[in-house]
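Asks: Heads up, the working numbering is the position in the sequence shown plus 9, with the first residue counted as 1. If you scroll down you'll find the structure; I have some questions about it.
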Amino acid sequence: MKIINISKLILFIALLSGTTLFVSCEKQLDNVLKNDTYSDAFWKNQSDVESAINGTYGLFRRSLNNNQAFFVWGDTPIGNFVTNDGTLHSDIFTKGWLVPYYREAGTINWTNWYRIIDLSNLILEKTPNIPDANFAEGQKDNLIGQAYFMRGLAYFYLTRVWGDVPLQLKATESGDDVELKGATSSTEILEIIIADAQKASALMTWESVNKSARRKANKGAALALLAHVSAFQNDYAKTLIYTDSIINQASTFSLLNKGEVSDVFSNNDARENIFVITQKDSENESAAHTDNIFTTSVSFSTSSSISFPGFPFTVPNYYIDKSRLDKLYSQTDARRDDFFLKFDDGPVAIDNQAITDRFQLTKYTNFLFKNAASLGDLRAESNIVIFRLADMILLKSEALYQLDRINESREALNIIRERAGLDPIATNLNNRAYYTEILKERQRELIGEGHNYFDIVRNIWKKSNIQEFQFNPSDLISWNLSLGDGGVDRFAQKGYYFPIENVNLNSNRLLSQTPYWMGKY
């Protein structure tokens, strides 16, 4: 693992802040560190810690956006989306070839994620030593809680994407602190995440949700992380506790009405949101269209919210064709029209199949041109929604199924189906078919939000063979989980994880490639 010198990390963040990927508060951090880069002169008060915490959010935003990582990881391997971006890119959709060529720096390189962890470690080590009197009441605990949450969340992305990864829980403030580490088992990594999220939840109050405007770590976000991680551990009794702890906060969280779900991507403080990463150009947070899924999923020639026909994309890079749309959504499902819009360049042949219409994802249609006069420098402003209430309700349904409380599971599932205008789920499905429907409902509701492939990984984690799956793989994913090239047992060789980029392996002799990807990448 390539480890950077943490004593220079905050300066590193400040120097990158000019790329508009970071929060505006980092300009204050930049100004401080241009004159003083020594940590003992920096860690003095609440403002210093807030600046460093803001740095973790800036790094997190950059990590998600870099090469469309959160979308490539969480959505493309399912096979619902299609791309015109060359065969090498389309193979990830149809064949599970988890190597997005020319996008390795964001999708199979974990350096960005360890930067979040390193900065979180530094905050956790320095903040307790600052006098309590230098913080407003409750803010010291709140900021420490945010640091625990961000470290845990970064590790959660790491272990879902790569499985076993190096564990670093100590800030490396000098070259003497740097050490090579081998991979720690995903089982242990999950335990560390649980511990971090529990500490975060204990240190933050429910008031933190509204105070943070849901755009920073809060108690609800910590509990949502615990819900997901406990599900990965197959500890569904805990998952139920954590999801209910959020769902029962009715004064804080509630579902939006049918037809309003897209508000979660434009309004970070929408009551359905638990934790989002905002992208506001006015606060130097927006991302260039070349860096993310947001604008590249939009056809400018058809969206009613866009008045710039044909620029810059007549056909979006990522879209869903009619056959896939019909398979995923019934004609009566409100999400079909809420989340997708047909673009009018005419039907085409997809994957050498029949001629079919194409539809763009409309969850991310908030953007602006920084140079409005010339329609230049397109910037995405849609929220990246990390956790929202519908996710928790569907995760609760999954937990209740696993706890053999099928009727209650249906009740939870039907809450989301009712909002979508659907009838209650059929009661005559066998268990395998019903559980597949829970995961398909998560695909329908959370499509494009970076969850769907991780749902698959969660449900095969700890399984010794493919026969133990409780879902029908062919109904949820477009490629064969059990067979790879030349009949290799892909499942047994952990081929459901993404490969580790060679630059990470070459910098750390204690690491080795995931078995399935040895000799393939």
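Every residue, glycine too, gets a C-beta built ideally from N, C-alpha and C.
Nearest to N219 by alpha carbon, out of L68, Q502 and E281?
Replies: Numbered from 1 along the sequence shown, position 210 holds the residue referred to as residue 219. The shortest C-alpha separation from N219 is found at E281.
Asks: Excluding sequence positions up to five away, which residues of its chain have a Cβ less than 6 angstroms from the Cβ of K17?
Replies: The residue given as residue 17 occupies position 8 in the sequence shown. Low per-residue confidence applies at K17: pLDDT is 45, beneath 50, and the placement is therefore not dependable enough to give any value.
Asks: Any contact of the stretch 469 to 481 with the stretch 440 to 456, i.e. 3+ C-beta pairs under 8 angstroms?
Replies: The stretch 469 to 481, when compared against the stretch 440 to 456, does touch it at the 8 angstroms Cβ threshold.
Asks: Which of the three DSSP states, helix, strand or coil, is assigned to V174?
Replies: As a working mapping, residue 174 is identified with position 165 in the sequence shown. Strand at V174.
Asks: Determine the extent of the alpha helix (DSSP H) in which F241 is found, giving its start and end residues.
Replies: For the purposes of this step, residue 241 is taken as residue 232 along the sequence shown, with counting starting at 1. Here the alpha helix (DSSP H) through F241 covers K228 to F241.
Asks: Excluding the 5 residues preceding and the 5 following L199 in the sequence, name in chain order all residues of the same chain whose CB lies nearer than 7 angstroms to its CB.
Replies: Here residue 199 is taken as the residue at index 190 of the sequence shown, counted from 1. Cβ within range, chain order: T168, V238, F241 and Q242.
Asks: Helix, strand or coil: how does DSSP classify Y525 here?
Replies: Position 516 of the sequence shown, counting from 1, holds the residue named residue 525. Residue state, collapsed to three classes: helix.
Asks: Which two residues bound the contiguous beta strand (DSSP E) that contains L370?
Replies: Within the sequence shown, numbered from 1, the residue matching residue 370 stands at position 361. Its beta strand (DSSP E) spans residues R367 to L370.
Asks: For K351, does the three-state DSSP call read helix, strand or coil?
Replies: Locating residue 351 in the sequence shown gives position 342, counting from the first residue. Residue state, collapsed to three classes: strand.
Asks: Let me see if you follow: with CB-CB separation under 8 angstroms, is N118 close to chain C or not?
Replies: The structure shown contains no chain C; it is built from a single protein chain.
Asks: DSSP three-state call for N89: helix, strand or coil?
Replies: Numbered from 1 along the sequence shown, position 80 holds the residue referred to as residue 89. N89 falls in the coil class under three-state DSSP.
Asks: Could you check which residue in R70, L412 and D290 has the C-alpha nearest to that of L387?
Replies: Counting from 1 along the sequence shown, the entry for residue 387 is found at position 378. Considering only alpha carbons, the answer is D290.
Asks: Quick one: residues in its chain with C-beta nearer than 7 angstroms to the C-beta of S72, no 5 flanking neighbours on either side, listed in chain order?
Replies: As a working note, residue 72 is residue 63 in the sequence shown. The residues are A78, N121, W122 and I125.
Asks: How far does the beta strand (DSSP E) with F397 in it extend, from its first residue to its last?
Replies: Position 388 of the sequence shown, counted from the first residue, corresponds to residue 397. Checking the displayed sequence, the identity of residue 397 turns out to be Arg instead of Phe. Start and end: I393 to R397.
Asks: I'd like to know whether the C-beta atoms of A429 and T252 end up nearer to each other than 8 angstroms.
Replies: Position 420 of the sequence shown, counted from the start, is the residue given in the question as residue 429. Position 243 of the sequence shown, counted from the start, is the residue given in the question as residue 252. For A429 and T252, no; Cβs fall outside 8 angstroms.
Asks: What's the C-alpha gap between L514 and V91?
Replies: By 1-based counting over the sequence shown, the position of residue 514 is 505. By 1-based counting over the sequence shown, the position of residue 91 is 82. Approximately 31 angstroms, taken between the alpha carbons.
Asks: Would you say K336 and D366 are within 8 angstroms of each other, going by their C-beta atoms?
Replies: As a first step, residue 336 must be located in the sequence shown, where it is residue number 327. As a first step, residue 366 must be located in the sequence shown, where it is residue number 357. Not a contact, by the Cβ cut-off of 8 angstroms.
Asks: Please name the residue, chosen from N138, I87, W82 and F80, that lies closest to W52 on a Cα-to-Cα basis.
Replies: The residue given as residue 52 occupies position 43 in the sequence shown. Taking only the C-alpha atoms, the option nearest W52 is N138.
Asks: What does DSSP give as the partner residues of I329 in its beta bridges?
Replies: Here residue 329 is taken as the residue at index 320 of the sequence shown, counted from 1. DSSP, once it has assigned bridges, lists F368 as partnering I329.
Asks: State buried or exposed for E527, treating a residue as buried only when at least 16 other CB atoms are found within 10 Å of its CB.
Replies: As a first step, residue 527 must be located in the sequence shown, where it is residue number 518. A small fix is needed here, since residue 527 is Met in this sequence, not Glu. With fewer than 16 other Cβ atoms within 10 Å, it is exposed.
Asks: Compute the distance between the beta-carbons of G268 and A343, then report whether it is under 8 angstroms.
Replies: The residue labelled residue 268 in the question sits at position 259 within the sequence shown. The residue labelled residue 343 in the question sits at position 334 within the sequence shown. In this structure, A343 lies closer than 8 angstroms to G268 by Cβ.
Asks: Rank N257, L235, D127 and K351 by C-alpha distance to the C-alpha of T248 and give the top, closest one.
Replies: Residue numbering aside, residue 248 sits at position 239 when the sequence shown is read from its first letter. For the residues N257, L235, D127 and K351, the minimum Cα distance to T248 belongs to L235.
Asks: In this structure, how does DSSP classify N277 when only helix, strand and coil are distinguished?
Replies: Working through the sequence shown from its first residue, we reach residue 277 at position 268. N277: coil per DSSP, three-state reduction.
Asks: Count the other C-beta atoms from every protein chain shown that fall within 10 angstroms of the C-beta of K472, then say buried if there are 16 or more, exposed otherwise.
Replies: Translated into the one-based positions of the sequence shown, residue 472 becomes position 463. It counts as exposed.
Asks: Mind checking A230: buried by the 16 CB within 10 Å criterion, or exposed?
Replies: Working through the sequence shown from its first residue, we reach residue 230 at position 221. Label assigned to A230: buried.
Asks: Tell me the DSSP secondary structure of F376 in three-state form.
Replies: Translated into the one-based positions of the sequence shown, residue 376 becomes position 367. Here F376 sits in strand by DSSP.
Asks: Quick check on I139: does DSSP put it in helix, strand or coil?
Replies: Numbered from its first residue, the sequence shown carries residue 139 at position 130. Residue state, collapsed to three classes: coil.
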